[in-house]
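Student: Those protein sequence lines, which keep their order, are chains A and B. Count the first sequence with my numbering and you get residues 1 to 549, in order. Count the second sequence with my numbering and you get residues 1 to 497, in order. From the three backbone atoms N, C-alpha and C, an ideal C-beta is built for every residue, glycine too. Small disclaimer: the values here were computed from a predicted structure and weren't measured.
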Amino acid sequence: MEFAELIKTPRVDGVVLRRPFLPTVEGTLCLTGHHLILSSRQDNTEELWLLHANIDAIEKRFVGSLGTIIVKCKDLRVIQLDIPGMEECLNIASSIEVLSTLDSVSLMYPLFYRPMFQVIEDGWKSFLPEDAFKDLESMTEEWRLSDVNKDYSVCSSYPPLVAVPKDVDDDTLRKAAAFRHGGRFPVLSYYHKKNGMVMMRSGQPLTGTNGRRCKEDEKLINATLRAGKRGYIIDTRTVSVAQQAKARGGGFESEANYPQWRRIHKAIERSSILQESLIKLVEACNDQSHSMDRWLSKLEASNWQTHVKEILTSACLAAQCIDREGASVLVHGTEGTDSTLQVTSLAQIILDPACRTIQGFQALVEREWLQAGHPFQQRCSQSAYSNSKPRCEAPVFLLFLDCVWQILRQFPCSFQFSQHFLVLLFEHTYASQFGTFMGNSASERSKLNLSQKTVSLWSWVNRPQEVERLSNPLYEANCLVIWPSVAPQSLLLWEGVFLRWKRSSRCLDEAYDEMVHIIQYNKELQNKVNNLRRQLAQLETEEPLLQTP
Amino acid sequence: MEHIRLPKVEKVRLIDKISSRRASVGTLYLTATHTIFVENESEIRTETWVLHSLVCSVEKQATTTTGSPLLVHCKNYQALRFIIPQERDCHDVHVSLLRLSRPERYEELYCFSFHANSDKEVRGQAWDFLSLKAEYSRMGVPNHLWILSPVNRDYKVCTDTYPAELYVPKSATHPVIVGSSKFRSRGRFPTLSYYCKENHAAICRSSQPLSGFSARCLEDEQMLEAIVRSNPRSDFMYVVDTRPKLNAIANRAAGKGYENEDNYSNIKFQFIGIENIHVMRNSLQKMLEVSEAWSPSMSEFLEGLESSGWLKHIKAVLDAGIFIAKAVAEDGVSVLVHCSDGWDRTAQVCSVASVLLDPYYRTLKGLMVLIERDWVSFGHKFSHRYNHLDGDPKEVSPVIDQFLECVWQLSEQFPCAFEYNERFLITIHNHIYSCQYGNFIGNNQKERTELRHQEKTHSLWTYLWENRTDHINPLYRPDHSQTQGVLRPVTAPYCFK
Chain A
1 MEFAELIKTP RVDGVVLRRP FLPTVEGTLC LTGHHLILSS RQDNTEELWL
51 LHANIDAIEK RFVGSLGTII VKCKDLRVIQ LDIPGMEECL NIASSIEVLS
101 TLDSVSLMYP LFYRPMFQVI EDGWKSFLPE DAFKDLESMT EEWRLSDVNK
151 DYSVCSSYPP LVAVPKDVDD DTLRKAAAFR HGGRFPVLSY YHKKNGMVMM
201 RSGQPLTGTN GRRCKEDEKL INATLRAGKR GYIIDTRTVS VAQQAKARGG
251 GFESEANYPQ WRRIHKAIER SSILQESLIK LVEACNDQSH SMDRWLSKLE
301 ASNWQTHVKE ILTSACLAAQ CIDREGASVL VHGTEGTDST LQVTSLAQII
351 LDPACRTIQG FQALVEREWL QAGHPFQQRC SQSAYSNSKP RCEAPVFLLF
401 LDCVWQILRQ FPCSFQFSQH FLVLLFEHTY ASQFGTFMGN SASERSKLNL
451 SQKTVSLWSW VNRPQEVERL SNPLYEANCL VIWPSVAPQS LLLWEGVFLR
501 WKRSSRCLDE AYDEMVHIIQ YNKELQNKVN NLRRQLAQLE TEEPLLQTP
Chain B
1 MEHIRLPKVE KVRLIDKISS RRASVGTLYL TATHTIFVEN ESEIRTETWV
51 LHSLVCSVEK QATTTTGSPL LVHCKNYQAL RFIIPQERDC HDVHVSLLRL
101 SRPERYEELY CFSFHANSDK EVRGQAWDFL SLKAEYSRMG VPNHLWILSP
151 VNRDYKVCTD TYPAELYVPK SATHPVIVGS SKFRSRGRFP TLSYYCKENH
201 AAICRSSQPL SGFSARCLED EQMLEAIVRS NPRSDFMYVV DTRPKLNAIA
251 NRAAGKGYEN EDNYSNIKFQ FIGIENIHVM RNSLQKMLEV SEAWSPSMSE
301 FLEGLESSGW LKHIKAVLDA GIFIAKAVAE DGVSVLVHCS DGWDRTAQVC
351 SVASVLLDPY YRTLKGLMVL IERDWVSFGH KFSHRYNHLD GDPKEVSPVI
401 DQFLECVWQL SEQFPCAFEY NERFLITIHN HIYSCQYGNF IGNNQKERTE
451 LRHQEKTHSL WTYLWENRTD HINPLYRPDH SQTQGVLRPV TAPYCFK
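1) Considering Cα atoms alone, identify which of B:471, B:352, B:67, B:52 is closest to residue 114 (chain B).
2) Leaving aside the five residues before and after residue 387 (chain B) along the sequence, list all residues of the same chain whose C-beta is less than 6 Å from its C-beta, in chain order.
3) Do we get a CB-CB distance below 7 Å when we pair residue 299 (chain B) with the residues of chain A?
4) Note down the Cα distance separating residue 229 (chain A) from residue 326 (chain A), rounded to an integer number of angstroms.
5) Do we get a CB-CB distance below 7 Å when we pair residue 290 (chain A) with the residues of chain B?
6) From this set, A:199, A:237, A:353, which residue's C-alpha is nearest residue 250 (chain A)'s C-alpha?
7) What runs of the beta strand (DSSP E), each 3 residues or longer, lie entirely inside the stretch 109-181 of chain A?
8) Which one or two residues does DSSP pair with residue 202 (chain B) in a beta bridge?
9) Which runs of the beta strand (DSSP E) at least 3 residues long sit entirely within the stretch 239-325 of chain A? Give them in chain order.
10) Nearest chain A C-beta to residue 190 (chain B) closer than 7 Å, yes or no?
11) Could you spell out where the alpha helix (DSSP H) holding residue 359 (chain B) opens and where it closes?
12) Do you know how far the Cα of residue 123 (chain A) is from the Cα of residue 354 (chain A)?
13) Using C-beta distances below 7 Å, list every residue in its chain close to residue 529 (chain A), excluding the 5 sequence neighbours before and after it, in chain order.
14) By Cβ distance below 7 Å, which residues in the same chain neighbour residue 491 (chain A) in space, the five residues on each side in sequence not counted?
15) What residue range does the beta strand (DSSP E) around residue 17 (chain A) cover?
16) Reducing DSSP to helix, strand and coil, say where residue 449 (chain B) ends up.
17) Does residue 305 (chain A) have its Cβ less than 7 Å from a Cβ in chain B?
18) Can you tell me which of the three DSSP states residue 416 (chain A) falls into?
19) Quick one: is residue 122 (chain B) near chain A, going by C-beta distance under 7 Å?
20) Under the rule that 16 or more other beta-carbon atoms within 10 Å means buried, what is residue 536 (chain A), buried or exposed?
21) Going along the stretch 304-336 of chain B in order, which residues come within less than 7 Å of chain A, judged by CB to CB distance?
22) Which whole-angstrom value is the C-beta distance of residue 394 (chain A) and residue 314 (chain A), which I expect to be below 8 Å?
23) Compute the beta-carbon to beta-carbon distance between residue 317 (chain B) and residue 238 (chain B), rounded to the nearest angstrom, for a pair I have assumed lies under 8 Å.
24) Just how far apart, CA to CA, sit residue 297 (chain B) and residue 312 (chain A)?
25) Please list, in chain order, the chain A residues whose beta carbon lies closer than 8 Å to that of residue 236 (chain B).
26) Which residues of the stretch 506-525 of chain A have a Cβ closer than 7 Å to any Cβ of chain B? Give them in chain order.
27) In the DSSP output, which residue or residues are listed as bridge partners for residue 177 (chain B)?
28) Could you tell me which of A:526, A:385, A:289 sits nearest to residue 277 (chain A), measuring between CA atoms?
29) Enumerate in chain order the residues of its own chain whose CB-to-CB distance from residue 147 (chain B) is below 6 Å, with the five nearest sequence positions on each side excluded.
30) May I ask which residues mark the beginning and end of the alpha helix (DSSP H) holding residue 557 (chain A)?
31) Under a Cβ-count criterion, where at least 16 other Cβ atoms within 10 Å of its own Cβ denotes burial, should residue 282 (chain A) be classed as buried or exposed?
32) Quick one: give me the first and last residue of the beta strand (DSSP E) that residue 340 (chain A) is part of.
33) Only counting the same chain, and skipping five residues up and downstream in sequence, which positions put a Cβ closer than 6 Å to that of residue 483 (chain A)?
34) Run through chain B and tell me which residues come within less than 7 Å of residue 297 (chain A), C-beta to C-beta.
35) Quick one: residues in its chain with C-beta nearer than 7 Å to the C-beta of residue 342 (chain B), no 5 flanking neighbours on either side, listed in chain order?
36) Quick test of the definition: if touching needs 3 or more C-beta pairs under 8 Å, does the stretch 175-195 of chain A touch the stretch 462-475 of chain A?
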């Protein structure tokens, strides 16, 4: 299929563009295979380059022959295009509709994108499991890297290499995999250097209604416990949801078969509920006419903040078990690809200072989300405005980012990156020129040969100028575990995403610049002081020489 | 001292919600002014001082096996739970604290026994640190339009709740002022609060007119006419009644009410709809309950926040301030603001408008002067509202708390525009309740003068000024674009925190 067939009217003159906080622009609208472009063809006005993939929904209106298309983007921005001529408007609208909902992976933009910047370090090679394992090896000898999944046959959503207890052979892994949802047998997620405790993750055990058990599975997870120690299993579902899962062949670990483990149930919602919550929240944020009462009740009804609180609470619990109780932890929900990853990755943010650096956070996203098989393509194909019925869409990763933002806000000096980095990741999960978030698992990405055919987001992010843009000027390495408050009054609405296009951030940006300026100035003064001290020391050593005649 | 039944209790446990959930064991001392808890265990022997005038309520709870809990709530919203081993001791502490935290006479207030290290002369100079005369002259009055009126010099002719020095339009004669004063609740006739040098627009304030259903007063009408005329560039003025319309109508039955547009030439009348002190008191109560709840869910919290109505009220005050600031700055129109007595909502709205209009009030000294002018001098009833003495609980209401919160909300939206930081606002808030300084004792200037507060107590403003490095916002720059001119905040509900 050629893109040209889908574009009925490739260009229209005299189109007026209105968008938040920027002056209205009149110019020529062009449609290409991947972009909607509006240019006034004058030097100093900003052009609009919008990826079709970023378009979530459009609305059209007509007044006489003047048509208006309202474009609602996945990054929650809403822009308006006034197009003279009814036919042109209809053509443009229908082309956008088709182009923004293309399902075929082979037509996706990252496969066509050529970088306009020099790739210093290939992001596809930045975070290989082998490298991560080398770090682990330096800390402990109790784990090994297994290639049991090298052809993705044991678990289609796992990467080819996973870390497992040294004493457990691949055969046991295969059998345990057959007992876990989606073949997701328990693997290492995090090793806590301080006390040698670990966090593992998996899919739910397939106990079914008749309480099936699997000796190999029990052996596998018991192998992670020290003698006489007990571990915790954090099931991200409520007891009743976990009970119901039995009827569909799923279930949870019974006390009888896992006597060394204590099971704790949390209440993180399923993905369809999260999507609904996002839609309601964005709707509430977009209605400016609300009274205070109505706004608060809509915010409450969206339940978004409740999800944030629940996810953070679960992550704190996991971190607490490891750091305070000195116990190992296994986390799972149903599939082990959504709420499980929210909990394991946030717990690492809390526990591990390395995850709070720019590189470390990328490594975390790579390890705990991309390699761990979070189905990004399914989850992020629609956002809050889409009219079509959601299938697998859910803001699972966005909620994770929101939680990170909450911790970042509570510990403003402990993160090397600023919220810009989180917003950037949010944008690129929904629409991107980079191949990083394409596909749903390592196996899909390798089949598409993305590492050869596309550019990695990390290649872009890790250039010095971008690193500087994403850096947090207040950062001072903090090697401690950080415990966020999860009290409702401590959790705020993430303005940087949800009110980004609603209220101008000018004053806040100015304050930010002022802060950067002060820190810069402080550094300069510090340098000056150091120089003067050095000079003084020098003079003091020279002085006796001068005095001698 | 006669109120202290038990000066010292050993082995008391303190549970402080903020610092840690674990109890610390220590000794509790009762002094004339403070309750002091000294921790036994730790080497640093952490001390917790609670000023008695800050204590809002003391509640003795049912005795358990571990002891008798005593819950102390403070006016700065701190909550402490002491667990006292012997019930009898707890009872004694309870009774002592109840009495100590509710002084009956002004002389018992802490400011009369608080002696900072400074001699008499220094103290006297300290009270001269802020001068309202200088503030009015900074605004450009007296001038050819506004003059200093001697009418209230002895607090006699008009009202004992106004200050001695008042600024009025030059064209308002003595009989007009006196006449207008007789037609206003408690004699609080229209007088100048803020004057805009650039365009001559002014913010005036008063209490409600005693209009009832049909009463008129020629002098009052002339008074308003004089205000209109003292703004040469505008031929009308706004009269803003900050009450909800229904409340104002209800007041008519009591012979009070609001201005009839037909009787006054050249006024535009406007209701704003800020609720009264009783609604605000209940709202705060509800909000405190919500924030003190033991691990509420997100929904419970948001529902509680909504039903408390607190943010709605803050928004209403801010919106009213914006309306007035806009009238003055953009339209160049003078405004007369009143509510019922003109000392609560009127003070809030006038001072919020001033902060929006004039960068000066966003500096440390400016905010002090503003509070001194719009609140202290114009007879905001500090002792009643903030429960300084054992009195009528129905008089208590967080009026200035709301003003300080409005300023805080603004500083969140304009982080570079304010010279002072959050701590400055909190410190002021704390001392409005603490009575450690004499600035806020009594209910008006006359009472304070009679108490001889300048001789006997210290001034908060000098203390704050001497410690100003603690209260400076590092992001503030006098030449920053945010710092200049009128602030135009967004008051969409989601902008409030």
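Tutor: Let me spell this out:
1) Here the question's residue 114 (chain B) lines up with position 114 in the second sequence. Looking from the CA of residue 114 (chain B), the closest CA among B:471, B:352, B:67, B:52 belongs to B:52.
2) As a position in the second sequence, residue 387 (chain B) is number 387, starting the count at 1. Closer than 6 Å at the Cβ level, and outside the excluded window around residue 387 (chain B), lie 396.
3) As a position in the second sequence, residue 299 (chain B) is number 299, starting the count at 1. It does; some Cβ of chain A falls within 7 Å.
4) Looking up residue 229 (chain A) in the first sequence gives position 229. Looking up residue 326 (chain A) in the first sequence gives position 326. Straight-line Cα distance between these residues: approximately 9 Å.
5) In the first sequence, residue 290 (chain A) corresponds to position 290, counting from 1. Closer than 7 Å to the CB of residue 290 (chain A) there is at least one CB belonging to chain B.
6) Along the first sequence, one-based indexing puts residue 250 (chain A) at 250. Cα-wise, what sits closest to residue 250 (chain A) is A:237.
7) Runs of the beta strand (DSSP E) inside the stretch 109-181 of chain A: 143-146, 162-165.
8) The residue given as residue 202 (chain B) occupies position 202 in the second sequence. Looking at the DSSP assignment, residue 202 (chain B) forms a beta bridge with B:195.
9) As far as the stretch 239-325 of chain A is concerned, its whole beta strand (DSSP E) runs of at least 3 residues are 261-265.
10) The residue given as residue 190 (chain B) occupies position 190 in the second sequence. Not one chain A Cβ lies under 7 Å of residue 190 (chain B).
11) Within the second sequence, residue 359 (chain B) is the residue found at index 359, counting from 1. It is not in any alpha helix (DSSP H) - residue 359 (chain B) carries neither H nor E in the DSSP assignment.
12) On the first sequence, residue 354 (chain A) is found 354 positions in, with the first residue counted as 1. On the first sequence, residue 123 (chain A) is found 123 positions in, with the first residue counted as 1. One C-alpha to the other measures close to 18 Å.
13) Sequence index remark: in the first sequence, residue 529 (chain A) carries index 529 (1-based). Counting only Cβ-Cβ distances below 7 Å, and skipping sequence neighbours, we find nothing.
14) Residue 491 (chain A) sits at position 491 when you count from the first residue of the first sequence. Only residues of its own chain outside the window of five on either side were considered, and among them 305, 308, 309, 406 have a CB closer than 7 Å to the CB of residue 491 (chain A), listed in chain order.
15) In the first sequence, the residue the question calls residue 17 (chain A) occupies position 17. Element bounds for residue 17 (chain A): 11-19.
16) Against the second sequence, residue 449 (chain B) aligns to sequence position 449. Looking at residue 449 (chain B) - three-state DSSP - the assignment turns out to be helix.
17) Residue numbering aside, residue 305 (chain A) sits at position 305 when the first sequence is read from its first letter. So, interface residue.
18) In the first sequence, counting from the first residue as 1, residue 416 (chain A) sits at position 416. Residue 416 (chain A) falls in the coil class under three-state DSSP.
19) Locating residue 122 (chain B) in the second sequence gives position 122, counting from the first residue. Chain A, which has no Cβ nearer than 7 Å to the Cβ of residue 122 (chain B), makes this no.
20) To locate residue 536 (chain A), count along the first sequence from 1; it is residue 536. Result: exposed.
21) 305, 306, 311, 312, 315
22) Counted from its first residue, the first sequence places residue 394 (chain A) at position 394. Counted from its first residue, the first sequence places residue 314 (chain A) at position 314. So it is not a contact: roughly 17 Å between Cβ atoms.
23) Sequence index remark: in the second sequence, residue 317 (chain B) carries index 317 (1-based). Sequence index remark: in the second sequence, residue 238 (chain B) carries index 238 (1-based). Incorrect: roughly 17 Å between the Cβ atoms, too far for contact.
24) The count along the second sequence starts at 1 and reaches residue 297 (chain B) at position 297. The count along the first sequence starts at 1 and reaches residue 312 (chain A) at position 312. Rounded to whole angstroms, residue 297 (chain B) to residue 312 (chain A) spans 13 Å at the Cα level.
25) By 1-based counting over the second sequence, the position of residue 236 (chain B) is 236. Chain A residues near residue 236 (chain B): none, gap ~30 Å exceeds 8 Å.
26) Answer set for the stretch 506-525 of chain A: 507, 508, 510, 511, 514, 515, 518.
27) As a first step, residue 177 (chain B) must be located in the second sequence, where it is residue number 177. Bridge partners of residue 177 (chain B): none, in fact.
28) By one-based count along the first sequence, residue 277 (chain A) stands at place 277. When only C-alpha atoms are compared, the closest one is A:385.
29) Sequence index remark: in the second sequence, residue 147 (chain B) carries index 147 (1-based). Closer than 6 Å at Cβ, skipping near neighbours: 170.
30) Residue 557 (chain A) lies beyond the range of chain A shown here (1 to 549); nothing can be said about it.
31) Residue 282 (chain A) sits at position 282 when you count from the first residue of the first sequence. The residue is buried, with at least 16 neighbouring Cβ atoms inside 10 Å.
32) Within the first sequence, residue 340 (chain A) is the residue found at index 340, counting from 1. Careful: residue 340 (chain A) lies outside any beta strand (DSSP E), inside the alpha helix (DSSP H) at 339-351.
33) Residue mapping note: residue 483 (chain A) aligns to position 483 of the first sequence, counting from 1. Here the set comprises nothing.
34) Locating residue 297 (chain A) in the first sequence gives position 297, where the first residue counts as 1. By Cβ distance, chain B contributes 306.
35) What you label residue 342 (chain B) is simply residue 342 of the second sequence in a count that begins at 1. Hits under 7 Å: 188, 205, 206, 207.
36) No, the stretch 175-195 of chain A is not in contact with the stretch 462-475 of chain A.
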